[in-house]
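Working notes, beginning with the structure itself.
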Amino acid sequence: MRALTVRPGTAGSLAVREVPEPPAGDGDLLVAGVAVGVCGTDREIAAGEYGTAPPGREHLVLGHESLGRVQEAPPGSGFAPGDLVVGVVRRPDPEPCGACAHGEPDMCRNGRYSERGIGGLDGFASPRWRVEAGYAVRLDPALHRTGVLLEPTSVVAKAWEQIERVGARAWFEPQRLLVTGAGPIGLLAALLGVQRGLDTHVLDVVTDGPKPELVRALGATYHHDGLDRAVSGAEPDVVLEATGVSSIVFGALSRTAPYGITCLTGVSAGGTRIGVDGGALNREIVLDNDVVIGSVNANRRHYQQAAEALATADAGWLERLISRRVPLERATEAFERRDGDVKVVLDLEG
Ligand code: BGC
């Protein structure tokens with residue numbers, strides 16, 4: 170079958186190639202691929218900066234934001250042919266560490282986890298793939314076009330869970346949310362903020378294209394003229410950072426309301442140095458009981474939370490978040506940045 174592959178560590182190696190059918194060892198469910206999403210991590214892997222091939226192999230099948238339809242499911246698996254499913258990305262480390270042993274590989278302590286389509290395991294950018302029933306999540310059939318947003322939503326659902334668990338250490342009734350970055354993660358974070366009844370503000374830099382309208386359609390407020398203006402009305406109780414831009418990260422930390430919680434989700438490249446008044450920042454965090462959390466990946470529980478969030482979201486809004494659909498054979502086009510792109514997906518059914 171044809172699949173989107175890359176030779177990790179080699180820039181320019183992204184290609185649709187012939188690969189063997191998915192081996193039975195990949196899982197008891199055989200799934201017909203519907204779509205995969207392309208994100209910043211995929212672009213990093215394509216640029217040779219991230220990712221590892223399965224042991225003993227040169228190539229990795231890309232794609233960790235999956236959507237497919239079950240073709241074959243063994244009796245007792247809890248799945249049936251026709252079910253719309255998404256595969257969980259991360260698998261526990263072989264040891265396993267305490268977190269992995271407790272079903273929370275997203276919190277792995279030794280870093281030896283593997284990730285489908287990213288690190289050590291083939292991904293889902295192929296017309297057929299397999300997954301273990303324990304790592305498959307069933308979706309509402311109504312999400313047959315937009316369920317590919319589940320994986321990024323799971324990342325956001327985990328971030329929200331972390332924020333709420335940290336908030337619960339004392340009295341916590343947040344009113345105002347600032348999301349920095351109106352990419353797919355930022356927009357989905359805003360969606361979940363609005364679903365929680367928060368006064369939601371989103372900061373980005375663009376003034377045209379679909380992002381401002383997508384924010385407004387949620388009933389949230391769009392800001393494009395800098396952090397100072399975005400927080401001038403009131404300081405946020407919660408910041409969900411989704412740019413990874415150093416000046417925004419550190420700027421946001423010092424502009425939260427007392428008991429502010431900042432959750433960082435943007436994976437930045439190192440090498441950028443900025444001037445930070447460390448003493449003032451420390452003082453602000455201490456005197457305000459502020460918290461900064463880093464959050465990555467998601468476990469099965471977060472995928473379930475995300476599935477519920479998507480099932481109750483406006484279908485048209487989710488559809489507009491997917492700004493471009495590219496057939497698998499032309500997959501490399503999905504990696505070119507085009508004006509108006511929000512989430513670009515590969516269509517595996519064409
Ligand atoms: C994925 C996560 C993954 C992370 C680091 C992100 O793009 O959504 O599932 O853990 O990359 O590899």
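If you read the sequence shown in our numbering, its first letter stands for residue 170, the second for the next number, and so on. The beta carbon of each residue, even a glycine, is placed where N, CA and C say it ideally should be. For clarity, every value in this text was computed on a predicted model and none was experimentally measured.
Beta-bridge pairing of residue i - partner residues as DSSP gives them
| i | result |
| --- | --- |
| Ser235 | Val205 |
| Ile462 | Cys432 |
| Ile491 | Lys512 |
| Ser182 | Note: Ser182 sits in no beta bridge, so no partner. |
| Arg297 | Ala201 |
| Ala302 | Per DSSP, none; premise fails for Ala302. |
| Val324 | Paired residues: none, contrary to the question. |
| Val407 | Leu346, Ile430 |
Residue i - DSSP class collapsed to helix/strand/coil
| i | result |
| --- | --- |
| Ile527 | No statement about residue 527 is possible, as the shown extent of the chain runs from 170 to 519 and does not include it. |
| Arg278 | coil |
| Asp195 | helix |
| Asp368 | strand |
| Gly390 | Contrary to the premise, residue 390 reads as Thr rather than Gly in this sequence. If DSSP states are grouped into helix, strand and coil, Thr390 belongs with the strands. |
| Trp486 | helix |
| Pro496 | strand |
| Gln240 | strand |
| Arg469 | helix |
| Gly288 | strand |
| Arg176 | coil |
| Ser423 | coil |
| Gly256 | strand |
| Val230 | strand |
| Ser401 | coil |
| Thr221 | strand |
| Ser127 | Coverage of the chain is limited to positions 170 through 519, which leaves residue 127 absent and any answer about it impossible. |
Exposure of residue i, with buried meaning 16 or more beta-carbon neighbours within 10 Å
| i | result |
| --- | --- |
| Glu218 | exposed |
| Gly194 | exposed |
| Arg345 | buried |
| Gly202 | buried |
| Ser416 | exposed |
| Met276 | buried |
| Pro343 | buried |
| Glu410 | buried |
Contact belief for residue i with residue j at Cβ below 8 Å, rounded distance in angstroms
| i | j | result |
| --- | --- | --- |
| Ala478 | Thr322 | 6 Å |
| Leu433 | Ile454 | That pair is no contact at about 14 Å. |
| Val200 | Arg297 | 7 Å |
| Leu231 | Arg260 | 17 Å between Cβ atoms; not a contact. |
| Gly429 | Asp457 | 6 Å |
| Gln474 | Glu330 | 7 Å |
| Val255 | Leu236 | 6 Å |
| Val175 | Gly220 | 7 Å |
| Thr412 | Thr349 | 5 Å |
| Leu262 | Arg285 | The sequence shown places Asp at residue 262, rather than the Leu named in the question. That belief does not hold up - the Cβ atoms of Asp262 and Arg285 are roughly 15 Å apart, past 8 Å. |
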